[in-house]
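Chains as they are written, first to last, in my numbering: chain A, 1332 to 1674; chain B, 1225 to 1556.
The C-beta atom is built at its ideal place from N, Cα and C for all residues, glycine as well.
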Amino acid sequence: MKEARRFVTQNVKEFVTLAFILLIYLVAGVLRPEVLSGGRMAGVVNSVLLWTPLNLTMALGMMMVVIMRGIDLSIGSNVALSAMVAGILFRDHGASLWQGIVVAVAVGAACGMINGFLIAYLRIPPIIVTLGTMNAYRGLTFIISQGKQVTGYELPPGTTDFVAEGVRLGGVLIPWLVVISLLLALVFYLILKYTHFGREVYAVGSNREAAYLRGINCKKTEFLVFTIVGALCGITAMMSASRFGYINPSNTGKGLEFVVISATIIGGVSVNGGKGTVVGVLLGCLLLGTVNTMIANVGIPGTVQLFTYGLIIVTALLVDRIVLSLDSKRRMAQQVAGKEALR
Amino acid sequence: MKGLDGRSKRGKLSAVFSRREWVPFGLLLATLIVSASLSESFRDLAYLLRTTTRYMELGMTALTMTLIVSAGMIDLSVPATMCCSATVAALAFHAGLPMEAAIPLGLLTGLACGAVNGLLIAYLNLPSMIVTIGTMSVFRGISQIFIGDKSLGKFPEWFNSIEKIPVFMIGKARFGVTILAFILLAFAFYLVLHKTGFGRKVLAVGANEQAAIFSSVNTRRVKLQLFLLSGFVSGIAGLLTMSRLLLVRYDMNLNSEIDVVAMVLLGGAEISGGNGSIIGTFIAVLLVIVLKTGLIVANVTSDAQMFMMGLILLLSIIIPNIGKLVQGFRDR
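Written out as structure tokens, the structure is:
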């Protein structure tokens, strides 16, 4: 019992996010009971699942960047650029799906390296670098595509199978995209928790000077993190092609950075660096996915969606803040009580 | 050589020449020369003034953004606030209020938006970037709820195209209301940031918030005031945009928050706070304007323009810091 309590208090942020997700289901259930009934439920779960993988994959990278006190605004454009390069190979050179995936990841990683080099080695603030590359990559996407989109017919056969097929768990079909992103999440969970590199990310984020004095190559770590984010952009690019069935120079990856940053922060990654977990980010993505799906399913008209979406982000921030301040007060009270007892 | 107060110990002249504003200024001159040599119409001041009015509205909000960035924060909800204030003014007009009453209502909406941001950020200590990403959707959502996919227009004749009212003319070149408002506002903000106690407090909050608190600066109040100011100026800019476009849609200035931030950063403000220059932002706004119109005149497609903008933003950061960068390459 005591251990269970400690588990909860140590992971307050994650539990708050979880509670928030359940609350949304509850509200939806009260407003429209039929949404949670047998037939509709599978559809709801499916659309939450389909909303999640792109954002989760990107959020894993964004999390590492934010833990290192950085930010990456260029991810949306990077996704568009790597998707477009692969798309042009598909369309004009008859590349196979796997060749396309390799190329997209390589292009994404190269773009990430450019960010990483400017940020880590030239010490230019990440927000400026990525704001610049955000424009540059998006412009490049337009230039190489000459403004034309790659349509579903021009994608290699089997691209959309990743959405349509998957693992069947009970009555719910879990698409391959979701499985892949969950596997990635597992991999990053292990990397961040159990490898040198993962611990270095946290160390550099919480105190760069101290990390340097401990013999950590801060620049290399930062450069690697941005390169990994770039590679994840390449994976997301292919996921987006599979999910939407086209690659468009202006639509693909548009606004992705804001959604992903919101999911990351709601998931409890601290903008002051050094704090954040994969589980929290996963819950943050699920929360935003649930919000998006429920807004449509509860029958809120389309014009109110944007407002509700923003309201929920702000509310989540507020709830998070209130719970954290209550928690820190309780902890301080405990410390005082502990000192009293020692006397 | 830096003195204890952070100022250069060398003479005044070299202090002038070592200012960061020279970078956007140099870029501005370069783009002016290139554009003028590429196109006939670009040498015509009347044409320039006519085509550039539309960026002046965003330029105004870039001035308040300079203050906010100098205080170590960011406001991404500016275009959404512009849209929201314009929507409320238009709705009030269509509900039967005279335009004279609808305009203050629109400005009040701007203030209210700023107050929401300011209260959340200053008094609840929430990170400004995330709060304004959230309120960005909220404010734009409000105008989407009320307008939907339609557009509101049909304003009284005197309200339409305010920017075309000439305040004075030089030859054929017309200095309209918007351009002069931008210049006056820039001058006012120069005084506020660099010559008043409030400006010092803003920079103090940006440089070191803890130290500012210990120097008895009411940091929360400063932050709230900054966001109120940002909301108000966004309101003005929103109404001017409405007057120029003759209508309001919910997607007014969609995605242009990045343009505003880019103007501020081009002007040499430090994103981590504690340093900002209104002169720099002013030049950077002109630079962005010349770039955008210059590239259009030179028949550069809009996609290539985007690439150029990104490149110039990066260059403007890299060029003045080459010395620092080489050093940064060596140390941690």
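- In the displayed model, A/Arg1499 falls within a strand according to three-state DSSP.
- For a cut-off of 8 Å, the C-beta gap from B/Ala1310 to B/Met1487 is around 21 Å, too long to register as a contact.
- If you look at B/Arg1398, you'll find it in the beta strand (DSSP E) that goes 1397 to 1400.
- Taking C-beta atoms as the reference points, A/Val1410 and A/Leu1587 count as a pair closer than 8 Å.
- In summary, the residues of the segment 1642 to 1659 of chain A whose CB is separated from some CB of chain B by less than 8 Å are Leu1642, Ile1644, Val1645, Leu1648, Leu1649, Arg1652, in the order they occur in the chain.
- Annotated as distal: A/Ile1475 and A/Met1394, with beta-carbon spacing of 8 Å or more.
- Remark: fewer than three beta-carbon pairs, one from each stretch, lie closer than 8 Å, so the segment 1320 to 1329 of chain B and the segment 1528 to 1537 of chain B are not flagged as touching.
- Around the CB of B/Tyr1474, 16 or more other CB atoms lie within 10 Å, so the residue is classed as buried.
- Distances from the CA of A/Val1591 to each of A/Met1389, A/Ile1419, A/Tyr1543 were compared; the closest alpha carbon is that of A/Met1389.
- Excluding five sequence positions before and after A/Leu1428, the CB atoms of its chain that fall closer than 7 Å to its own CB belong to Pro1487, Gly1489, Thr1490, given in chain order.
- In this model, A/Glu1531 and A/Ile1547 are separated by some 7 Å (Cα to Cα).
- Burial check for B/Ile1366: the Cβ neighbour count within 10 Å reaches 16 or more, so the residue is buried.
- Residues of chain A with a Cβ closer than 9 Å to the Cβ of B/Phe1451 do not exist; the shortest Cβ-Cβ separation is about 14 Å.
- Among the CB atoms of chain B, none fall inside 8 Å of the CB of A/Phe1575.
- Not a single C-beta of chain A is nearer than 8 Å to the C-beta of B/Pro1328.
- Within chain B, the residues Met1530 have their CB atoms less than 7 Å from the CB of A/Arg1469, given in chain order.
- When the beta-carbon positions are compared, A/Met1399 and A/Glu1553 come within less than 8 Å of each other.
- One thing to note: B/Leu1452 has its Cβ within 8 Å of the Cβ of B/Gly1342.
- Secondary-structure assignment with DSSP links B/Phe1392 through a beta bridge to B/Phe1399.
- B/Val1293 sits away from B/Glu1481, with the two beta carbons spaced by 8 Å or more.
- Interface annotation, B/Asp1475: not in contact with chain A, CB-CB separation never under 8 Å.
- The DSSP-derived three-state label of B/Leu1409 is helix.
- Put simply, of B/Leu1408, B/Ile1543, B/Asn1523 the residue whose alpha carbon is nearest the alpha carbon of B/Met1284 is B/Leu1408.
- A/Pro1456 carries a coil assignment under DSSP once its states are collapsed to helix, strand and coil.
- Residue pairing by DSSP places B/Leu1376 opposite B/Val1472 in a beta bridge.
- Under the 8 Å criterion on CB atoms, A/Ser1413 is classed as non-interfacial with respect to chain B.
- With 16 or more other CB atoms across the displayed protein chains lying within 10 angstroms of its CB, A/Arg1469 is buried.
- Separation of the CB atoms of B/Leu1463 and B/Ala1313 is rounded to 6 Å, and the pair is thereby assigned contact status at 8 Å.
- Under the Cβ criterion of 8 Å, A/Ser1512 is not counted among the residues facing chain B.
- In this structure, A/Ala1516 sits near A/Val1609, with a CB-CB distance shorter than 8 Å.
- Exposed is the label assigned to A/Glu1671, since fewer than 16 other Cβ atoms lie within 10 Å of its Cβ.
- In the DSSP assignment, A/Asn1628 falls within the alpha helix (DSSP H) that extends over 1609 to 1628.
- By the rule that beta-carbons nearer than 8 Å mark a contact, A/Ile1455 touches chain B.
- Nearest to B/Asn1499 by C-alpha distance, out of B/Leu1272, B/Ala1428, B/Ile1394, is B/Ala1428.
- Interface with chain A (8 Å Cβ-Cβ cutoff): B/Thr1276 is excluded.
- When C-beta distances to chain B are compared with 8 Å, every residue of the segment 1604 to 1621 of chain A stays at or above that value.
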